[in-house]
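Okay, so the sequence shown: first residue is 48 according to our numbering, each after it adds one. Notes for the one structure printed next.
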Amino acid sequence: MLTAVVGINWGDEGKGRMVDLLSESFDVICRYQGGNNAGHTVVNDKGKFILNLLPSGILRDDAVNVMGGGMVIDIAHLCGEIESLTSKGIKLSPETLKISDKAFICMPHHILQDILEEERLLDKKFGSTRRGIAPVYGDKYMKRGLRMGDLRDFESLKRKLADIVEWKNLTLKGYGEGKADLPETLRWLDEHGSKLLPYITDTSEYLLDAVSADKDILFEAQLGALRDIDYGIYPYTTSSHTLASYATTGAGIPGVKTQRVIGVMKAYSSCVGEGPFTVEMDGKEAEALREAGAEYGAATGRPRRVGAFDVPASRYGVQMQGADELALTKMDVLSYMDKIPVCVAYEVDGKKVDRFPTDDRLTRAKPIFEYLEGFKSDISKCRKTSELPDAALKYIRFVEDAVGCTIKYVSVGAGRDDYFVLE
C-alpha cells in the first residue's frame with residue numbers, strides 16, 4: 048500500500064506523531080518536500096525527538112527512510128540532526144537512510160538572503176523562519192543551484208559554485224550588506240557534505256524497486272494544505288507543494304500513484320507565521336489554549352497562534368488533499384473548556400460564506416461560531432470509543448460530519464500509544 052500522511056490545515060497538526068505511529072506497518076517512509084523550516088515532534092519509548100529534516104520513521108529500527116528529490120536540505124542542519132539522534136542511541140546507516148541525489152542543497156547564501164529580505168519587508172513580512180527556504184526553491188526554478196548528487200564530484204561542484212556565487216552576489220549587493228564567499232562556501236560544503244556522501248543515492252531507482260517488490264511505502268508531508276504554494280493562502284505559504292498529489296513526484300517516482308491519503312488535523316486550530324487566521328483567539332483565551340496544548344513551534348520555538356476548529360478551512364483542506372480518512376489530534380487538550388467553540392462559516396462583506404476563500408476576501412472574513420458542550424474530564428487514558436464521555440464523542444462526530452470525511456484515529460496525548468481507532 049502506498050499511503051500519504053498530510054496536513055489538512057496550516058501545519059503543526061501532529062503529522063509526525065501519526066507517521067511514527069503508523070510507520071510500524073510500513074517498509075519505507077519517505078519525506079517528499081520542504082526543508083528544515085518546520086518540525087515534527089515525536090514522543091515514544093525512546094524519548095522525545097524534534098525532527099526538522101529526517102522522516103519521522105527514522106525512529107523505527109527496521110524501516111528504510113528516504114529523503115526525496117522534492118526536498119531542500121541544509122546539510123549542516125542535517126548533520127546536526129543525525130548527530131543528535133546517534134547520541135541518543137538511534138542507529139543510522141546507508142541501509143536505513145537514503146538521501147536523493149536530486150534534492151537541492153540549501154546554502155548559507157540562501158539563509159542570508161532570506162534574513163535580509165525579511166528585514167527589508169518589516170511589517171509586510173511573510174513570516175519566514177529565516178532558514179533560506181524561499182530563496183533555495185527560487186534558485187531551483189531559476190536553475191541556479193546545487194543538488195546533493197553534486198557533492199559526489201567536488202571538482203565539478205567547484206566550477207558550478209563559482210558561477211552561482213558570482214550570480215548570487217549581484218542579488219545580495221542590492222541589500223547593501225552581506226556577500227557569498229566562495230572559499231568559505233566550499234569549506235562548508237566539504238565539511239558537511241563529506242559526512243553525508245554514504246547516504247546519497249538514486250532514490251528513484253530504490254523506490255521503483257520497492258514498488259515492484261510490493262513494499263508498503265508511507266509518504267510524509269511537511270506543513271499543511273493551507274500552506275501549499277499553489278492552493279494555500281498565498282503569499283503566506285511555504286515554497287513547495289504540501290499536497291498528497293505531489294507525494295510520489297517529490298519522492299522521486301512521479302509515474303506511481305498513491306493509494307490512500309490520511310489527513311491530519313487538530314481538534315482546534317493552530318498556526319505559526321503570518322497571514323490571515325480567521326479563528327484566531329487573543330488575550331487570556333488564547334493563552335489558556337496555547338498552554339493546554341503546548342503550542343510552540345518545533346522548529347522555531349515561536350508561540351503558535353491558536354483558535355477554534357475552523358470548518359471552512361478544514362473542509363477545503365480535506366478536499367485539496369483528497370483525504371480518504373482523518374486523524375484528529377490533541378482531542379484531550381479541550382478538556383478544560385466549559386463550551387467548545389467551532390467556526391462553522393465566515394461572514395465576508397456582510398454575507399455568510401461556507402466555502403474557504405483563498406484570495407483577499409479571506410483577510411476580511413469574520414468567524415461565525417457554534418458552541419458545543421464541553422466534556423470536562425481527562426480523556427488521555429481512553430483507548431476505545433466507548434470510553435469517551437458523550438460530549439467528547441458528539442464533538443468528534445460534529446467535526447466529522449462538518450468536514451465530510453471519516454475520522455479514523457483520535458489522539459488523546461503526545462505518546463505513541465495515546466490514541467484509539469474510532470468505532
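Just so it is clear, CB atoms sit at the ideal spot from N, CA and C, and this is done for glycine as well.
- For Lys313, the CB contacts under 6 Å within the same chain, skipping 5 residues up- and downstream, are Glu60, Thr376, Lys377 in chain order.
- Counting only runs of 4+ residues, the alpha helix (DSSP H) found wholly inside the region 139-209 occupies 155-168, 180-188, in chain order.
- When Leu49, Ile247, Pro436 are compared, the shortest CA-CA separation from Ile152 is found for Ile247.
- When secondary structure is reduced to three states using DSSP, Lys262 falls in the coil class, being assigned neither helix nor strand.
- Here the alpha carbon of Leu193 sits roughly 25 Å from the alpha carbon of Leu290.
- In the DSSP annotation of this structure, the continuous segment of the alpha helix (DSSP H) that includes Cys126 starts and ends at 122-134.
- Residue environment for Arg78: buried (at least 16 other C-beta atoms within 10 angstroms of its C-beta).
- Apart from the 5 residues on each side of it in sequence, Asp385 sits with its Cβ closer than 8 Å to the Cβ of Gly421, Lys423 in its chain, given in chain order.
- Around the beta carbon of Glu267, 16 or more other beta carbons sit within 10 angstroms, so the residue counts as buried.
- The Cβ atoms of Lys149 and Gly299 lie closer than 9 Å to each other.
- For secondary structure counted as the alpha helix (DSSP H) over 4 or more consecutive residues, the region 57-86 holds these complete runs in sequence order: 62-69.
- Secondary structure of Gln366 (DSSP, three-state): helix.
- Taking a C-beta distance under 9 Å as the contact criterion, Gln269 and Gly310 do not qualify as a contact pair.
- Residue burial annotation: Glu342 is buried, with at least 16 other C-beta atoms found within 10 angstroms of its C-beta.
- Between the region 253-263 and the region 72-88, the count of C-beta pairs closer than 8 Å reaches three or more; the two stretches touch.
- In the displayed model, Leu375 falls within a strand according to three-state DSSP.
- A direct Cα-to-Cα measurement between Gly225 and Ile76 gives close to 39 Å.
- By the criterion of at least three beta-carbon pairs nearer than 8 Å, the region 184-203 is not in contact with the region 324-343.
- Under the 10 Å beta carbon count, Lys215 is surrounded by 16 or more other beta carbons and is classified as buried.
- Here His288 is not near Ile280, since their CB atoms are 9 Å or more apart.
- In terms of CA proximity to Gly196, Leu243 leads the group Leu243, Ala209, Thr176, Glu238.
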